[in-house]
Amino acid sequence: MIALRTLGGLALAGTLALGALSLAGCSPKTAQTSQPKEIVFSILSAENQASMAPLWQPLLDDMSAQIGVKVKPYFSSNYTSQIEAMRFKQVQVGWFSALPALDAVERANGEVLGRVIDAGGDETYKSVIIVRKGSGITLEKILACGQKYTFGIGDPQSTSGTLAPMAYLFTPKGIEPSKCFKAVRSASHQANSFAVANGVLDVATNNTVGVVFFGREKPELAAKLETIWTSPALPESSIVARKDVDPAIKEKMRQFFLTYGAGTGPTADKQREVLKGLAYGGFKPADNSYLDPIREMQASEALADARRTGDAAKIAAAQAAFDKIHTAATLKRAKEPDV
4 MIALRTLGGL ALAGTLALGA LSLAGCSPKT AQTSQPKEIV FSILSAENQA SMAPLWQPLL
64 DDMSAQIGVK VKPYFSSNYT SQIEAMRFKQ VQVGWFSALP ALDAVERANG EVLGRVIDAG
124 GDETYKSVII VRKGSGITLE KILACGQKYT FGIGDPQSTS GTLAPMAYLF TPKGIEPSKC
184 FKAVRSASHQ ANSFAVANGV LDVATNNTVG VVFFGREKPE LAAKLETIWT SPALPESSIV
244 ARKDVDPAIK EKMRQFFLTY GAGTGPTADK QREVLKGLAY GGFKPADNSY LDPIREMQAS
304 EALADARRTG DAAKIAAAQA AFDKIHTAAT LKRAKEPDV
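Quick note, the sequence shown lines up with residues 4 to 342 if you use the numbering used here.
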């Protein structure tokens with residue numbers, strides 16, 4: 004602070020001192036009212052809440068113990084409800100896949116606290132396209148279109164189920180799934196896996212993590228599936244918190260995730276078992292820039308949409324937006340090749 008050297012400054016100092024005493028008298032009550040009674044943690048349950056709840060609860064219990072505030076789960080049935088719950092302050096923090104995480108940042112006052120590492124140590128995952136094993140359906144046959152096959156795509160807010168296959172496979176080839184396939188159905192990865200394995204759908208999107216979970220839950224059905232396309236690496240899921248969460252609590256949450264399952268000893272071993280159940284290897288630091296690859300894919304899709312209109316002004320604007328995001332993302336990848 005600036006030193007107070009004048010008489011006026013001394014008078015001000017006395018005033019500040021009296022004010023500080025007054026505030027000190029009120030501080031216990033203020034601290035009590037600012038401390039949240041509980042933190043609600045959002046988890047997407049589209050893959051089956053009954054199976055997800057017991058996997059997440061041990062981590063949430065450990066989180067409650069470390070941050071000193073009870074943490075309660077909130078299971079969302081789809082990405083939109085997950086984002087809206089954070090937007091309307093029904094939840095304060097949650098596990099989001101990449102595209103919903105970006106929406107939470109842009110629409111629900113969210114910020115990224117950290118990112119997930121999978122059980123094998125990878126910091127990314129991939130979108131895949133699956134078919135029933137032995138069906139004879141190949142990627143070349145799919146891309147030939149002709150409305151021969153039924154197609155299961157993900158939730159519109161799904162990174163791996165919708166955005167990635169569009170940005171990396173269909174859009175570059177000028178393919179619109181609604182015109183390419185006999186029928187298109189939107190559902191969760193698990194529902195699409197069931198449908199393909201049982202012959203209800205011919206083709207569907209999924210991701211490398213979803214394939215692992217389905218293999219664990221339904222090994223006999225998973226054995227009937229095969230992958231015919233794999234995307235470039237995608238940003239893994241991340242932990243997103245509302246910006247207006249108490250800063251001290253938010254920092255405790257950040258430190259909880261960054262240290263969870265690290266180190267040696269019985270506690271760390273137990274935490275690693277919890278992470279193993281979630282098919283995770285731990286967490287690493289990240290901020291909102293971690294989601295730049297998603298912004299780039301969105302800009303690519305916007306550019307493709309503009310080109311389809313034939314409107315020169317729209318194309319120029321979309322191209323400029325894409326170039327800006329692409330340049331920034333390319334520079335970031337050059338500096339951080341592991342992201």
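Backbone N, C-alpha and C fix where the C-beta goes; we use that ideal spot for every residue, glycine too. Quick caveat, the model's predicted, so the values are computed rather than measured.
Bounding residues of the alpha helix (DSSP H) (the contiguous stretch that carries residue i)
i	result
Y82	Y82 to R90
I252	P250 to T262
N195	H192 to A200
K287	That residue, K287, is in no alpha helix (DSSP H); its beta strand (DSSP E) goes Y283 to P288.
V94	Segment: none, V94 is in no alpha helix (DSSP H) and carries neither H nor E.
E114	Run containing E114: none in the alpha helix (DSSP H); it sits in the beta strand (DSSP E), G113 to D121.
A309	D295 to T312
A107	A101 to R110
A271	P269 to G280
E220	T211 to E220
E143	L142 to L146
Bridge partner(s) assigned by DSSP for residue i
i	result
K75	V43
I328	Bridge partners of I328: none, in fact.
E229	V134
Residue i, buried or exposed, once every other Cβ within 10 Å from all chains shown has been counted against 16
i	result
P269	exposed
G343	The displayed coordinates of the chain run from 4 to 342. Any statement about residue 343 would go beyond what the structure contains.
L146	exposed
G285	buried
E109	exposed
D158	buried
E254	exposed
F91	exposed
R135	buried
Q38	exposed
A309	buried
A14	Note that A14 scores 41 on pLDDT, short of 50, meaning its location in the model is unreliable; the coordinates nonetheless yield the value given after this. The residue is exposed, with fewer than 16 neighbouring Cβ atoms inside 10 Å.
F325	buried
L204	buried
D295	buried
G155	buried
T208	buried
P2	Past the boundaries of the shown model lies residue 2; the chain is included only from 4 to 342, so the question cannot be answered.
G164	buried
R311	exposed
Close beta carbons around residue i, own chain, < 7 Å, minus the five adjacent residues each side
i	result
E304	M169, A170 and T174
E223	none
T2	This structure leaves residue 2 out entirely; the chain is present only between 4 and 342.
A122	K279, A282, Y283 and G284
V220	Reading off the sequence shown, one finds Glu at residue 220, where the question assumed Val. For E220, where only same-chain residues beyond five positions count, the Cβ hits under 7 Å are S54.
Other residues of its chain near residue i: CB distance less than 8 Å, five sequence neighbours each side excluded
i	result
P31	Low confidence applies here, because P31 scores a pLDDT of 44, under 50, leaving its location unreliable and the question unanswered by this model.
R298	L105, I328 and A332
L261	G117, F286, K287 and P288
A320	A309
K246	N112, G113 and E114
V72	Q38, P39, K40, E41, I42 and I252
E239	A101, R118, V119, I120, D121, D125, E126, T127 and Y128
Contact set for residue i: own chain, Cβ-Cβ below 6 Å, skip 5 residues either direction
i	result
S234	K129, S130, A167 and Y171
M300	L166 and A170
A200	L224, K227 and L228
L281	L58
V74	I42, F44, L63, M66 and S67
R275	G264
W232	I132 and L142
V277	P61 and L62
Chain B within 8 Å of residue i, Cβ atoms only
i	result
D290	No chain B is present in this structure, which holds just one protein chain.
Residue i CB to nearest heavy atom of the ligand COA below 7 Å
i	result
V187	This structure lacks the ligand COA, and indeed carries no ligand of any kind.
Extent of the continuous beta strand (DSSP E) run through residue i
i	result
S241	S241 to R245
L204	Looking at the DSSP string, L204 is not in any beta strand (DSSP E), and its letter there is neither H nor E.
S189	A186 to S189
Item to complete: Entirely within the stretch 153-183 and at least 3 residues each: give me those beta strand (DSSP E) ranges in chain order.
Response: Listed in chain order, they are 153-156.
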